[in-house]
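One structure is given below, encoded as structure tokens.
Numbering (our numbering), first residue to last: 751 to 997.
Here it is as structure tokens:
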């Protein structure tokens, strides 16, 4: 970059050190200053990221633009139900007496051990998949992670439709998705997608062009990250600069 006094590879090394420490922070060299941007969950993490850069580049001027965004896990420990969710029947007669119906018997279908695989008039659901030609696709598992306190967080739902759009805040200057808003949206998508939630990827966006940096295990991880970033509205291009460990 014109006017830069730092080694161009310095920003890449710093981003990798930050990623190894668990911080999703982008580093840019602008007129001799190192600009740090990204999101962390605590003020301590924000300061730790600056310390890492300061130790690696002690003479550099650091512009800290890292934001702190605390994500609180859903507290399910204090949940108390007022009603019993289920009661166990003591005898077969009580089972039938409940609603007068029992589950259909599918054991006469050879090789079937799961009611979800049964077909015919007594099969699961209103329609017979064999007749309609439809294939049942079960819901994806929710995307979960564990925070520093060992508590589980649900990051994403049970899978996104391919045509479901991501909300991106427009820029006040031209009413278009701003670069930082796009970067935030990409980071969120990477966290919430089951294929990329465990990847350590640094995201930087300039003029709508998204740069993905970091280290992944294989090309599938790199391709998945690129695909997730590309589906965010407003992203003009995705430049995948990930280091693949298996290559």
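Even glycine gets a Cβ: it sits at the ideal position worked out from N, Cα and C.
Taking only the alpha-carbon atoms, compute the straight-line gap between residue 964 and residue 946 and give it to the nearest angstrom.
In the chain shown, counting from the first residue as 1, residue 964 sits at position 214. In the chain shown, counting from the first residue as 1, residue 946 sits at position 196. The straight-line gap from Cα to Cα measures roughly 13 Å.
State buried or exposed for residue 811, treating a residue as buried only when at least 16 other CB atoms are found within 10 Å of its CB.
Taking the first residue of the chain shown as position 1, residue 811 is located at position 61. Exposed is the call here.
Around the Cβ of residue 774, are there at least 16 other Cβ atoms within 10 angstroms (buried) or fewer (exposed)?
The count along the chain shown starts at 1 and reaches residue 774 at position 24. The residue in question, residue 774, is buried, as its Cβ has 16 or more Cβ neighbours within 10 Å.
Suppose you measure from the CA of residue 779 to the CA of residue 944; what does that come to, to the nearest Å?
Position 29 of the chain shown, counted from the first residue, corresponds to residue 779. Position 194 of the chain shown, counted from the first residue, corresponds to residue 944. For the pair residue 779 and residue 944, the Cα-to-Cα distance works out to about 32 Å.
Less than 7 Å separating the beta-carbons of residue 985 and residue 954?
As a first step, residue 985 is located in the chain shown; it is residue number 235 there, counting from the start. As a first step, residue 954 is located in the chain shown; it is residue number 204 there, counting from the start. Taking 7 Å as the Cβ cut-off, residue 985 and residue 954 do not qualify as a contacting pair.
According to the neighbour-count rule (16 or more other Cβ atoms, all chains shown, within 10 Å of its Cβ), is residue 809 buried or exposed?
The residue you call residue 809 lines up with position 59 of the chain shown. Exposed: under 16 other Cβ atoms inside 10 Å.
Check residue 987 in the structure and name its three-state DSSP category.
Stepping through the chain shown from its first residue, residue 987 is reached at position 237. Three-state result, residue 987: strand.
If I'm right that residue 816 touches residue 771 with Cβ under 8 Å, what's the distance once you round it to whole angstroms?
The sequence position of residue 816 within the chain shown is 66, counting from 1. The sequence position of residue 771 within the chain shown is 21, counting from 1. With 8 Å as the limit, residue 816 and residue 771 do not qualify as a contact, their Cβ atoms being about 13 Å apart.
List the DSSP bridge partners of residue 811.
Reading the chain shown from its first residue, position 61 is the one you call residue 811. 783.
Got a sec? Which residues, its chain only, sit under 7 Å from residue 937 by beta carbon, not counting five neighbours each side?
Counting from one through the chain shown, the residue named residue 937 turns up at place 187. Same-chain partners within the cutoff: 774, 789 and 953.
Mark residue 928 as exposed unless 16 or more other C-beta atoms lie within 10 angstroms of its C-beta, in which case mark it buried.
For this step, residue 928 is matched to residue 178 along the chain shown. So residue 928 counts as buried.
Report the residue from 769, 797 and 980 whose alpha carbon sits nearest the alpha carbon of residue 935.
Here residue 935 refers to the residue found at position 185 when the chain shown is read from its first residue. Per the Cα distances, 980.
As assigned by DSSP and simplified to three states, the class of residue 981:
Translated into the one-based positions of the chain shown, residue 981 becomes position 231. Of the three classes helix, strand and coil, the one that applies to residue 981 here is coil, per DSSP.
Under 8 Å by Cβ, that's how I've got residue 996 and residue 968 pegged, so tell me the actual separation to the nearest angstrom.
For the purposes of this step, residue 996 is taken as residue 246 along the chain shown, with counting starting at 1. For the purposes of this step, residue 968 is taken as residue 218 along the chain shown, with counting starting at 1. Confirmed, about 5 Å.
Thinking residue 792 and residue 777 are a contact (beta carbons under 8 Å), I'd like their distance in whole angstroms, please.
What you label residue 792 is simply residue 42 of the chain shown in a count that begins at 1. What you label residue 777 is simply residue 27 of the chain shown in a count that begins at 1. Not quite, the Cβ-Cβ distance comes to about 20 Å (not below 8 Å), so this is no contact.
Once DSSP output is grouped into helix, strand and coil, what is the label at residue 950?
For the purposes of this step, residue 950 is identified with residue 200 of the chain shown, where counting begins at 1. Three-state result, residue 950: strand.
Could you give the residue range of the alpha helix (DSSP H) that holds residue 918?
Taking the first residue of the chain shown as position 1, residue 918 is located at position 168. No alpha helix (DSSP H) holds residue 918; DSSP gives it neither H nor E.
Which residue from 818, 940, 966 and 989 puts its Cα closest to that of residue 978?
Position 228 of the chain shown holds residue 978. Closest by alpha carbon: 940.
Close-in-space but distant-in-sequence residues of the same chain around residue 993 (CB under 6 Å, 5 per side omitted):
Locating residue 993 in the chain shown gives position 243, counting from the first residue. Hits under 6 Å: 965.
Which first and last residues belong to the alpha helix (DSSP H) in which residue 960 is found?
Here residue 960 refers to the residue found at position 210 when the chain shown is read from its first residue. Not the alpha helix (DSSP H): residue 960 falls in the beta strand (DSSP E), residues 959-966.
From residue 795 to residue 805, what distance separates their C-alpha atoms?
To locate residue 795, count along the chain shown from 1; it is residue 45. To locate residue 805, count along the chain shown from 1; it is residue 55. Rounded to whole angstroms, residue 795 to residue 805 spans 15 Å at the Cα level.
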